[in-house]
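Our numbering numbers the first residue of the sequence shown as 1087 and each following residue consecutively. One structure below.
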Amino acid sequence: MPRNKSFFRLLGAFLVSGISVFAAVELDLSRLQVQPHHIGKGGVPVDGIPSIDSPNFWSVEQAEKFLFGGDLVLSVPEGKSARAYPIRILTWHEVVNDEVEGTGIVVTYCPLCASGMVFVRDFEGAEEGRLEFGVSGLLYHSDMVLYDRESMGLWSQLSRKAISGRFAGQELEWVPSAQMTWKAWKNKYPDGRVLSTDTGYDRPYTQSPYDGYDRSPMPMFKVPTARNDLPMKARVVGMVVHGEARAFSAAGLRTGSFSDQIAGETIRITYQRGDRHFTATDSDGNLIPVVWSYWFAWQAFYPETELVKKLR
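This is the structure:
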């Protein structure tokens, strides 16, 4: 598939939906933390990809009418409040501002990098103690750039930091989440809640605006290439422990439990290949945040990362 074909399909989808690609919202680009030429336009304006700010949820039984067993979801495991956010829906919105057991969270997903991450949005320094995020329409290393609606500053998903504005240089708390198949999730959390298609927007959630992109060997936009250890679109699972980044090649993962040493700490890794479920815990049994992504994205943000091609 030509590199730009999915882009024009995406742009067309938003045009058909009545969203102007010429909408103007002024972002705060002061105190920019990255080189300006590394930030590019994704083809849609600020909020051209609309965030979900008042999410509605299904029961597992209700979600069965929409999801198939192999569909992927991003899971936030919070005991009885376990929630699943279908990738099918996240692809169209990229940001969900939510609250779980009194804590504000923001669920983010970048279709270009195949990276889903969850952060705490209760933030010291915010006027009301909590930030609300939207999609800026900009990209940094081909990864989504969020903005917060209080300061209008930019935030990088994969670096987890504000890259401009009042909060520049500050970091969001990364919440452990898990990507897995719908079949695995519903069996694990039969009483959980699932983000519904009742989003307030008319979108063909059974289709992807990026159809064919996952099969293309190249990213849609140019990214710095510091490492060629793997093909650019190879899938990896990344984590950062005490400031040390490590990536695990998805092709080298097999079902089982394994131990690894990262930054002097013993990490326990469990992977279920059929469920596509990867978890990591520290020596005290606490979950460590991990993110699935394409290799091109992880190496662009963490060029010094150690790469594990095969778990033994």
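Beta carbons: idealized from backbone N, C-alpha and C, even for Gly. Bear in mind the structure is a predicted one, so any value in this text is a computation, not a measurement.
Three-way DSSP call (helix, strand, coil) for residue i in this model
i, result
"E1330", "strand"
"P1172", "strand"
"A1349", "coil"
"R1321", "strand"
"F1108", "Reliability fails at F1108, whose pLDDT of 37 lies under 50, so the model's placement of it is uncertain and no value is given."
"A1149", "helix"
"V1102", "Residue placement at V1102 cannot be trusted, given a pLDDT of 42 that sits under 50; the coordinates are not used to answer."
"S1167", "helix"
"D1354", "Looking at the sequence shown, residue 1354 is not Asp but Arg. Looking at R1354 - three-state DSSP - the assignment turns out to be strand."
"R1252", "coil"
"F1093", "Low local confidence applies: a pLDDT of 49 at F1093 is under 50, so the model's placement there is unreliable, and no value is given."
"D1114", "strand"
"D1300", "helix"
Nearest candidate by alpha-carbon position, reference residue i, set the options
i, options, result
"I1135", "A1312, L1393, E1180 and L1244", "E1180"
"V1261", "T1365, V1120, G1211 and A1320", "T1365"
"V1146", "L1232, Y1275 and M1230", "Y1275"
"Y1114", "V1377, L1240 and W1178", "One point to set straight first is that residue 1114 is Asp, not Tyr, in the sequence displayed. When only C-alpha atoms are compared, the closest one is L1240."
"Q1121", "S1167, H1227 and R1207", "H1227"
"S1235", "R1246, S1245 and F1253", "Looking at the sequence provided, one finds Arg at residue 1235 rather than Ser. Checking every option, the nearest Cα to that of R1235 belongs to F1253."
"V1323", "S1201, I1125 and R1301", "S1201"
"R1186", "T1177, N1142 and E1150", "For clarity, residue 1186 is Val in the given sequence; the question names Arg instead. Cα-wise, what sits closest to V1186 is N1142."
"L1281", "S1335, P1172, E1150 and L1225", "P1172"
"D1157", "S1302, M1318, T1177 and R1340", "T1177"
"E1257", "E1164, V1231, R1279 and A1248", "A1248"
"Y1233", "E1112, D1300, G1190 and G1360", "E1112"
Alpha helix (DSSP H) segment containing residue i, residue limits
i, result
"K1272", "W1268 to K1274"
"A1336", "Note, A1336: premise wrong, no alpha helix (DSSP H); not H, not E."
"F1382", "W1381 to F1387"
Buried or exposed by the 16-neighbour rule on C-beta atoms within 10 Å, applied to residue i
i, result
"D1277", "exposed"
"S1312", "It should be pointed out that residue 1312 corresponds to Ala in this sequence rather than to Ser. Per the 10 Å Cβ criterion, exposed."
"K1272", "buried"
"H1123", "exposed"
"T1352", "exposed"
"S1343", "exposed"
"A1349", "exposed"
"Q1347", "exposed"
"Q1243", "buried"
"S1137", "buried"
"Y1287", "exposed"
"F1437", "For the chain, the structure presents residues 1087 to 1398; residue 1437 sits outside this window and is missing."
"N1314", "exposed"
"A1333", "buried"
"P1310", "exposed"
"G1223", "buried"
"A1337", "exposed"
"G1293", "Looking at the sequence itself, residue 1293 is Gln, so the reference to Gly does not match. Q1293 is exposed by the Cβ-count criterion."
"N1372", "exposed"
"D1229", "buried"
Residue i: first and last residue of the uninterrupted beta strand (DSSP E) it sits in
i, result
"F1143", "F1143 to S1145"
"L1393", "E1392 to V1394"
"A1366", "H1363 to T1367"
"C1196", "T1189 to C1196"
"S1161", "L1158 to V1162"
"K1127", "I1125 to K1127"
"S1201", "S1201 to V1206"
"L1281", "R1279 to L1281"
"E1185", "V1181 to V1186"
What are the uninterrupted segments assigned as beta strand (DSSP E) that are 3 or more residues long and contained completely in the segment 1209–1245, given in chain order?
-> 1219–1226, 1229–1234 and 1240–1242
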